[in-house]
Structures are given as C-alpha cells and as structure tokens.
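All letters in the sequence shown, in the order written, are residues 33 to 282 by this note's numbering. This report refers to the structure that appears directly beneath it.
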Amino acid sequence: MPTQVYLVGAGPGDPELLTFKAARVIGLADVLLVDDLVNTRVLSHAKPNARVVYVGKRGGCVSTPQAFISKLMVSEAQKGHIVVRLKGGDPSVFGRAAEEIAAMRDTGIRYEIVPGITAASAAAAQLGVPLTDRSIGHGVALVTGHTAEEEEDETHWRALVASGLTLVIYMGVSRCDRLTRTLLRAGASAHLPCAIVHAASAQSAREVRTTLLHLAKTVRLEKIESPALLLIGQAMAEPVALRSALAAQA
C-alpha cells in the first residue's frame, strides 16, 4: 500500500531549514493539516489545489482538540487523499505524534514520519553554543516543563540534575518559577548558566542569558512569551566563561 499520511517536521521557524524531503512531501499533499507554529512560507511547496486546514496547537492558547485532528486525518486518508500533518520542529519531539500514530495503526492507514530540525538545535545555533561537549556536557535531555507541576514526584528531575546533561526544556516559560524551585530542590546550582530563546531561527527570535537563580525573574523582566525554550547547563555559559570551564576540564 502507498503511504497515505505523512507526519512532517517543518523545522523551527526559518523556512530555509525545511528539508528537501519535507518540501517534496508537502507537494504531494491533497490535504495539509498545519500547526500554529509552522512558518506559512513553507506552504509555497504545496499544490495550488491542496486543501489547507489550520489546526493550531500552542501552549497557553486555545487549541484544536487532538481527537478531532486524528479523526480528520483518518477520514481524509480513507477518502483516498494524501494527508500531510505539518508540525513545527520535529514531529517526534513533543509533537503529539504518538496519538496520531496510534490512530493510523488502529485503522490500518499507512503512514511515514519525515523528521525536521527541532527547536533545541536551532536555539543552540542561534546562541552560537554546542548542546553537548565532551568535557562539560556529555549529553542533552529534551524535557517538558509540564512535569515541574508534579511537585510530589521530583525523582526524574533529581536524576536529570545529577546527570550533568544539558537540559532543553520545552513548554517551560509559563512555569519558570515552579521549575526553578524544582531544579534547586533537585540539587542544581543557583549559578548554573541558562539561556532563554524565543522563536528560535525566526525573524522575531530573541535570546537572553542568565543563571538558574534569576531565570524566572529574567523571563518576566524581558517579557518573554511562548514559543520559547529554556536551555540549562554549563554549555550555556557566556563564551569567555565557557572557555574558562573548558580549560579547567582539560
């Protein structure tokens, strides 16, 4: 059976970061279900007669119910249409791909995932820093800030802090106060370098550096809103401090 549904990553905002494969698949679509954070310039690759349905999903905003999106994908595919579910970033990174994959499997619809550049990579590139380093950042963890609300179970946060990994926190800006308290209780240093990147790679992109102790205050003073990432770890230090940290580890 040919592929009927594509879960496509549109990248973090800059339309030039769209992959060649994503552009080709967009051009195949009879129906495009487009997320709120997708740069609409990538729709220039679509067929003139393609149907475009905006199914915005953004933290803190009114969102299209996931059940409706999944049902629409199935319905259009069963009509014989090629469906492209177009998501900001990468569909497998906090893109609700699991629910949509389950819907395709339950109905026997053939699907394919087309990965995209996730916002974490774009944010690090914008900052001009690595997400990992063999001396001060042996790995990176992509996590959601939503779980910071679950104060009764902070085991995973303690494990993340102890790991020394660079933490990239999606959907955490509105929860900065609680998130900061959670990380400090989990053993993180108050002086741990942090960066906040709004709309990574887009024309409206902004970045601010701070420390964990001042993270929430900085978000408020700079009036940073979603979409934004929090990047926490030694690799987020200012260039001079980063060089000093690397020299100390050499």
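Note that beta-carbon positions come from the ideal geometry of N, C-alpha and C, so glycine has one too.
If you draw a straight line from the C-alpha of residue i to the C-alpha of residue j, how long is it?
i: A156; j: A55; result: 24 Å
i: D62; j: H170; result: 44 Å
i: Q235; j: A227; result: 18 Å
i: L65; j: G140; result: 20 Å
i: V74; j: G45; result: 10 Å
i: E239; j: L159; result: 7 Å
i: I256; j: Y86; result: 25 Å
i: H223; j: A42; result: 35 Å
i: E108; j: L60; result: 14 Å
i: S167; j: T242; result: 21 Å
i: I114; j: W189; result: 41 Å
i: D138; j: T72; result: 31 Å
i: S206; j: R252; result: 10 Å
i: A130; j: Q98; result: 11 Å
i: A246; j: E254; result: This sequence places His at residue 246; Ala is not what is there. Going from the Cα of H246 to the Cα of E254 covers about 12 Å.
i: G112; j: I145; result: 19 Å
i: G88; j: F100; result: 12 Å
i: D67; j: S124; result: 14 Å
i: R201; j: V84; result: Looking at the sequence provided, one finds Ile at residue 201 rather than Arg. Roughly 30 Å between the two C-alpha positions.
i: V191; j: T250; result: The question names Val, but residue 191 in the sequence shown is Ala. Cα-Cα distance, rounded: 26 Å.
Tell me which residues share the same chain as residue i and place their Cβ nearer than 8 Å to its Cβ, disregarding the 5 neighbours each side in the sequence.
i: M203; result: G91, F126, T176, G177, H178, S258
i: L197; result: G169, H170, G171, V172, A173, G265
i: A237; result: G45, Q158, V229, H230, A231
Within 10 angstroms of the Cβ of residue i, are there 16 or more other Cβ atoms? Answer buried if so, exposed if not.
i: Q36; result: buried
i: E132; result: buried
i: R270; result: Checking the sequence shown, residue 270 turns out to be Glu, not Arg. Classification of E270: exposed, given that the 10 Å Cβ count is below 16.
i: H230; result: buried
i: S102; result: buried
i: L263; result: buried
i: L118; result: buried
i: P80; result: exposed
i: S195; result: exposed
i: P225; result: buried
i: A78; result: buried
i: A267; result: buried
With distances taken Cα to Cα, identify the nearest neighbour of residue i among the options.
i: A152; options: I145, T164, V57; result: T164
i: L244; options: L39, G219, K255, T150; result: G219
i: E48; options: S76, L262, L104, F100; result: S76
i: A82; options: T96, V57, A191; result: V57
i: D122; options: A248, V40, T250; result: V40
i: P162; options: K53, L199, S221; result: L199
i: S95; options: R128, Q110, K111; result: R128
i: M26; options: Q98, E254, V193, Q110; result: As displayed, the chain neither begins before 33 nor continues past 282, which places residue 26 out of reach and without an answer.
i: G148; options: K53, L104, H188; result: K53
i: R213; options: E186, D67, A191; result: E186
Excluding sequence positions up to five away, which residues of its chain have a Cβ less than 6 Å from the Cβ of residue i?
i: Y143; result: V37, M136
i: D209; result: A248
i: L216; result: none
Less than 7 Å between C-beta atoms, sequence neighbours within five positions excluded: which residues of the same chain meet that for residue i?
i: L50; result: A42, G43, V74
i: A232; result: P44, G45, A151, A154, A155, Q158, L261
i: V193; result: L215, A218, G219, A220
i: M105; result: V37, L65, V115, R117, E132, A135
I want to check one thing, is the minimum distance from the CB of residue i to the heavy atoms of the ligand GDP below 6 Å?
i: L118; result: Of ligands this structure carries none, so the ligand GDP is not represented either.
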